[in-house]
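**Student:**
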Amino acid sequence: MKDVDVIVLNSHGVGQVCHVKRLPRKGETLAATGWIVEEDGG
Numbered sequence: 000m001k002d003v004d005v006i007v008l009n010s011h012g013v014g015q016v017c018h019v020k021r022l023p024r025k026g027e028t029l030a031a032t033g034w035i036v037e038e039d040g041g
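Position 10 of the sequence shown, counting from 1, maps to 9 under numbering that gives the first Met the number 0, and the rest follow consecutively.
Here it is in structure tokens:
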């Protein structure tokens with residue numbers, strides 16, 4: 000059996016999604032009607 004060097008690179012992102020009734024206007028803040036967290040960016 001041969002010696003093998005192994006390097007594993009990975010990243011894990013978490014996406015946070017807020018549900019709103021409409022998109023906010025410039026400078027406006029809206030209250031969210033729901034919120035979820037999606038693993039690996041959703």
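A virtual CB, placed ideally from N, CA and C, is assigned to each residue, including glycine.
Taking a contact to mean a Cβ-Cβ separation below 8 Å, would you say Glu-37 touches Val-16 in this structure?
**Tutor:** As a position in the sequence shown, residue 37 is number 38, starting the count at 1. As a position in the sequence shown, residue 16 is number 17, starting the count at 1. Yes. Within cutoff.
**Student:** According to DSSP, is His-11 helix, strand or coil?
**Tutor:** Your numbering for residue 11 matches position 12 in the sequence shown. Reduced to three states, the DSSP call for His-11 is coil.
**Student:** Just grab the DSSP bridge partners of Ile-35 for me.
**Tutor:** The residue labelled residue 35 in the question sits at position 36 within the sequence shown. Answer by DSSP bridge pairing, in chain order: Val-16.
**Student:** Verify whether the separation of the beta carbon atoms of Val-19 and Thr-28 is less than 8 Å.
**Tutor:** Numbered from its first residue, the sequence shown carries residue 19 at position 20. Numbered from its first residue, the sequence shown carries residue 28 at position 29. Their beta carbons are not under 8 Å apart, which means Val-19 does not touch Thr-28 by this criterion.
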